[in-house]
Amino acid sequence: MKGHREERGGRKYPVWNRVNVIAWARETMVGEACQSLADTNAFKGRGTAQTLRQLVIEVDTVEASMTELSVITRKVPGLQIYLAEHRRSSDGYMALRWRGVGSRKHVSWEDAMAIYSCLPSAVRHWYEQANERALELNARHLRLRKATREVRQEVQRRQTHVFAKVIPVRGMSMA
Numbered sequence: 001m002k003g004h005r006e007e008r009g010g011r012k013y014p015v016w017n018r019v020n021v022i023a024w025a026r027e028t029m030v031g032e033a034c035q036s037l038a039d040t041n042a043f044k045g046r047g048t049a050q051t052l053r054q055l056v057i058e059v060d061t062v063e064a065s066m067t068e069l070s071v072i073t074r075k076v077p078g079l080q081i082y083l084a085e086h087r088r089s090s091d092g093y094m095a096l097r098w099r100g101v102g103s104r105k106h107v108s109w110e111d112a113m114a115i116y117s118c119l120p121s122a123v124r125h126w127y128e129q130a131n132e133r134a135l136e137l138n139a140r141h142l143r144l145r146k147a148t149r150e151v152r153q154e155v156q157r158r159q160t161h162v163f164a165k166v167i168p169v170r171g172m173s174m175a
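For what it's worth, my numbering labels the leading residue of the sequence shown as 1, then goes sequentially.
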């Protein structure tokens with residue numbers, strides 16, 4: 001059935017398998033919940049909570065940079081193309097994509113080059129730098145999401161350790 005499987009990298013995945021790992025990381029950090037999930041290195045600065053906190057901060061920084069770059073490209077005089085934020089709510093994926101002004105269609109970089117090739121060289125150079133920056137931010141966002149997904153899988157694989165607590169019973173000695 002349409003929409004129930006997605007093919008990525010030659011493998012088919014169920015669409016319902018998508019998880020917004022950044023949202024999961026934020027929820028897990030509320031009240032340091034991941035501390036109780038089995039954070040064996042919690043007091044050494046190398047635990048799951050510290051890793052997740054750092055990853056979420058980096059993702060927020062990258063997303064802010066993406067938004068800033070998108071806003072900057074919209075302010076170019078004689079605007080014909082700009083970088084639009086593309087967000088997928090189901091799994092939190094975000095990327096910058098070129099879009100033509102006046103249309104709701106995305107523009108490939110090759111088509112964008114044809115559009116701006118008639119512009120002065122300084123403007124062309126600026127667009128090329130903006131494209132390189134967008135590619136860097138998109139790749140970094142994917143790497144951070146992958147690292148967060150790996151931490152999530154590690155937390156799910158771990159068994160939480162439950163230590164038996166001695167419960168004194170009246171009338172019985174604990175000898």
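All C-beta atoms, glycine included, are put in the ideal place defined by N, C-alpha and C. What you are looking at is a predicted structure, and each value in this text was computed from that prediction instead of being measured.
- Counting of Cβ neighbours within 10 angstroms places V101 among the exposed residues, the total staying below 16.
- E136 and S70 have their C-alpha atoms spaced approximately 14 Å apart.
- Under the DSSP assignment, I167 falls outside any beta strand (DSSP E); it carries neither an H nor an E label.
- By the criterion of a C-beta distance shorter than 7 Å, S65 is surrounded in its chain by L137, once the five residues flanking it on both sides are discounted.
- Taking 3 residues as the minimum length, the beta strand (DSSP E) runs contained wholly in the stretch 47-134 are 81-88, 93-100, in order along the chain.
- Rounded to the nearest angstrom, the gap between the Cα atoms of R152 and V21 is 7 Å.
- Taking a 10 Å sphere around the C-beta of V155, we find 16 or more other C-beta atoms and assign the residue as buried.
- Considering only S117, S89, E85, C118, the residue with the shortest C-alpha distance to K105 is E85.
- N20 carries a coil assignment under DSSP once its states are collapsed to helix, strand and coil.
- In this structure, R140 lies near V62, with their beta-carbon atoms less than 8 Å apart.
- In the three-state scheme derived from DSSP, where H, G and I count as helix and E and B as strand, R26 is classed as helix.
- The closest CA to that of E58, considering only A130, A147, S103, P168, is found on A147.
- Between the alpha carbons of L144 and T67 lies a distance of about 17 Å.
- Taking 8 Å as the upper bound for CB-CB distance, A130 and L83 are in contact here, some 7 Å apart.
- Assigned with DSSP and collapsed to three states, R143 falls in helix.
- As the crow flies, the alpha-carbon of T28 is around 46 Å from that of G78.
- Relative to T73, the option among M94, V56, Y116 whose CA is nearest is Y116.
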